[in-house]
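Note sheet for the following structure.
Residue numbers (my numbering), protein chains in the order written: chain A, 7 to 261; chain B, 62 to 315.
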């Protein structure tokens with residue numbers, strides 16, 4: 007059963023009075039419960055637009071999006087979702103611990119359960135010693151890690167992560183990768199948007215490749231690699247994008 | 062209601078940790094204390110000047126706190142992208158607007174109380190007589206500040222900071238010049254200008270209704286009935302402003 011679903015999801019941005027840019031073009035995909043699904047694409051391909059539409063911070067031009075069968079504006083759905091934005095910005099006047107308390111309270115967590123969860127998460131992301139430091143003193147990697155802890159505060163069924171390894175050092179990247187595998191084993195559904203193809207290749211079972219808002223490839227990683235005769239994800243990614251660009255170019259020349 | 066309270070507490074925390082609020086209040090206290098400058102006047106005139114100046118200072122700095130505080134409460138979330146994460150939590154956009162306003166209510170209450178206590182302390186120290194009129198004037202200034210905050214907060218949900226500062230200041234000035242404005246409109250022959258100005262004065266709040274300090278200073282009694290009616294008038298504007306803010310914020314893309 008699909009736990010995340012989009013049907014012809016389209017977003018057209020209006021820039022100025024006349025110019026329009028297609029952010030996402032009739033995206034239809036289904037993500038099953040317990041999957042670790044990778045959404046890939048170059049800059050401006052529509053990855054973040056897709057996540058924002060799923061989370062209800064953007065409104066679609068047409069099409070539908072559902073998480074657990076509920077629309078992105080359903081507050082009860084949000085109780086089951088954890089989200090880590092790209093380049094996370096948090097309240098710099100709060101300490102790491104206060105940030106987790108703030109978000110935990112929004113999930114109606116009681117004090118004891120919240121404190122227990124915070125201890126667990128601070129240890130998990132290795133920020134126990136800096137929990138009383140205000141976030142303005144955190145490095146980019148530390149912000150990424152506190153963001154990851156914040157996304158897990160409600161013990162979500164679904165995790166939506168936008169570039170979770172940006173700003174992390176190699177050890178941080180490895181820890182995050184291991185954590186994702188661990189979370190998948192715990193039965194969480196994870197939607198991972200990333201530029202780091204090697205990370206995606208190691209953890210994701212299925213992927214979608216977006217380019218210029220269009221879905222170019224969707225399926226199991228091994229099946230797609232075999233279809234595109236690629237030895238690794240990077241090769242697959244480049245071939246898919248180039249193939250599309252050349253097709254568009256040749257169509258333009260023909261016209 | 063619990064979510065609104067949590068968001069309000071975070072707004073208050075942000076205001077007090079950023080410290081900009083302290084500077085405005087400190088400056089206001091210095092201005093109130095500097096009314097001592099009128100010590101060369103006779104005692105009756107001194108009383109009037111100190112009281113009138115202090116009321117004006119509290120009102121003006123209250124306006125600055127309400128406008129800049131409300132703008133910052135919303136736009137800092139948007140500019141620093143904290144809103145992006147916040148709206149993915151189980152809160153509604155209505156919760157967000159109301160939480161921010163409730164937070165602003167407490168921020169203004171605390172800062173206004175500091176200024177008011179300082180002012181009352183100064184009157185007591187100078188042995189200047191106080192009556193219920195002094196407190197009625199202070200109360201209505203507070204209601205006016207709450208109206209200003211609701212308008213700035215509502216505008217912050219769909220306009221830029223620069224536009225908001227200009228619009229809030231414009232409404233503040235126009236709202237205080239209603240009497241003169243109506244006189245000028247009466248003299249205008251251009252029907253279009255007259256109609257536009259009439260419409261503006263009908264829609265925008267008349268802040269002069271909250272200003273009773275001129276009467277209090279010269280000892281004219283202000284009935285409680287007037288205070289209650291004007292408070293109701295203020296609450297009406299607050300509700301309308303917040304409803305407009307909620308409407309626009311619910312349709313805003315982040």
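Glycine included, C-beta positions come from ideal geometry on N, C-alpha and C.
Since this is a predicted model, take the numbers as computed values, not measurements.
Asked, Found
"Leaving out the 5 sequence neighbours to the left and right, which residues in its chain are closer than 6 Å to residue 292 of chain B when beta-carbon positions are compared?", "204"
"My understanding is that residue 214 of chain B touches residue 161 of chain B, with C-beta atoms under 8 Å, so please give their C-beta distance in whole angstroms.", "6 Å"
"Here's the rule: buried if 16 or more other CB atoms are within 10 angstroms of the residue's CB, otherwise exposed. What is residue 87 of chain B?", "exposed"
"Going along chain B, which residues have a C-beta under 9 Å from residue 154 of chain A?", "Ordered by position in chain B, no residue passes the 9 Å Cβ test against residue 154 of chain A, which lies about 12 Å from the chain."
"Going along chain A, which residues have a C-beta under 8 Å from residue 148 of chain B?", "61, 62, 63"
"Let me confirm a value: residue 138 of chain B is counted as buried when at least 16 other C-beta atoms fall within 10 Å, else exposed. Which label applies?", "buried"
"Give the list of continuous alpha helix (DSSP H) stretches no shorter than 4 residues that lie fully inside the segment 74-159 of chain B.", "81-94, 104-140, 143-147"
"Starting from the N-terminal side, write out each stretch of the beta strand (DSSP E) that is 3 residues or longer and does not extend beyond the segment 14-78 of chain A.", "25-38, 42-46, 68-73"
"For a minimum of 3 consecutive residues, which ranges assigned as the beta strand (DSSP E) are wholly contained in the segment 117-165 of chain A?", "none"
"Looking only at its chain, what residues have a beta carbon closer than 7 Å to the beta carbon of residue 93 of chain A, apart from the 5 residues adjacent to it on each side?", "172"
"Under a three-way DSSP split, which group does residue 114 of chain A fall into?", "coil"
"Please list, in chain order, all residues of the same chain as residue 156 of chain A whose beta carbon is under 7 Å from its beta carbon, the five residues on each side excluded.", "105, 106, 109"
"Select from the segment 169-181 of chain B all residues with a C-beta closer than 8 Å to any C-beta belonging to chain A, and list them in chain order.", "none"
"Which residues mark the beginning and the end of the beta strand (DSSP E) in which residue 89 of chain A is found?", "87-90"
"Give the secondary structure of residue 174 of chain B by DSSP, where H, G and I count as helix, E and B as strand, and everything else as coil.", "helix"
"Counting contacts by CB-CB distance shorter than 8 Å, is residue 282 of chain B in contact with chain A?", "no"
"If you drop the 5 nearest sequence neighbours on each side, which residues of the same chain put their C-beta closer than 6 Å to that of residue 211 of chain B?", "299, 302, 303"
"Starting from residue 240 of chain B, trace the alpha helix (DSSP H) in both directions and tell me its first and last residue.", "239-248"
"Specify the secondary structure class of residue 311 of chain B as computed by DSSP and reduced to three states.", "helix"
"Which of helix, strand or coil does DSSP assign to residue 213 of chain A?", "strand"
"On the premise that residue 78 of chain A lies in contact with residue 62 of chain A, defined as a C-beta separation below 8 Å, what is that separation, rounded to the nearest angstrom?", "3 Å"
"Going by alpha carbons, who is nearest to residue 281 of chain B out of B:315, B:192, B:71, B:232?", "B:192"
"Can you give the Cα-Cα distance for residue 116 of chain B and residue 201 of chain B, rounded to whole angstroms?", "11 Å"
"If you run the structure through DSSP and keep just helix, strand and coil, what is residue 221 of chain B?", "coil"
"Can you find a CB in chain B that lies within less than 8 Å of the CB of residue 189 of chain A?", "no"
"When you compare each of B:126, B:252, B:278 to residue 105 of chain B by their alpha carbons, which one comes out closest?", "B:278"
"Could you check whether the Cβ of residue 36 of chain A sits closer than 7 Å to any heavy atom belonging to the ligand ADP?", "Because no ligand of any kind appears in the structure shown, any question about the ligand ADP cannot be addressed here."
"If we cut at 8 Å on Cβ distances, does residue 13 of chain A have a partner in chain B?", "no"
"Report the option in A:152, A:49, A:71 whose CA atom is closest to the CA atom of residue 11 of chain A.", "A:71"
"So, with DSSP's three-state summary, where would you put residue 98 of chain A?", "coil"
"Could you name the residues that DSSP lists as bridge partners for residue 226 of chain A?", "A:212"
"Which first and last residues belong to the alpha helix (DSSP H) in which residue 264 of chain B is found?", "252-264"
"Could you run through the segment 95-116 of chain A and flag, in chain order, every residue whose CB is less than 9 Å away from some CB of chain B?", "95, 96, 97, 98, 99, 100, 104, 108, 109, 111, 112, 113, 114"
"Measuring alpha carbon to alpha carbon, tell me which of B:253, B:261, B:221 ends up nearest residue 234 of chain B.", "B:261"
"Can you check whether the C-beta of residue 91 of chain A is within less than 8 Å of a C-beta belonging to chain B?", "yes"
"Between the Cα of residue 169 of chain A and those of A:16, A:144, A:204, A:138, spot the shortest distance and give me the residue it belongs to.", "A:204"
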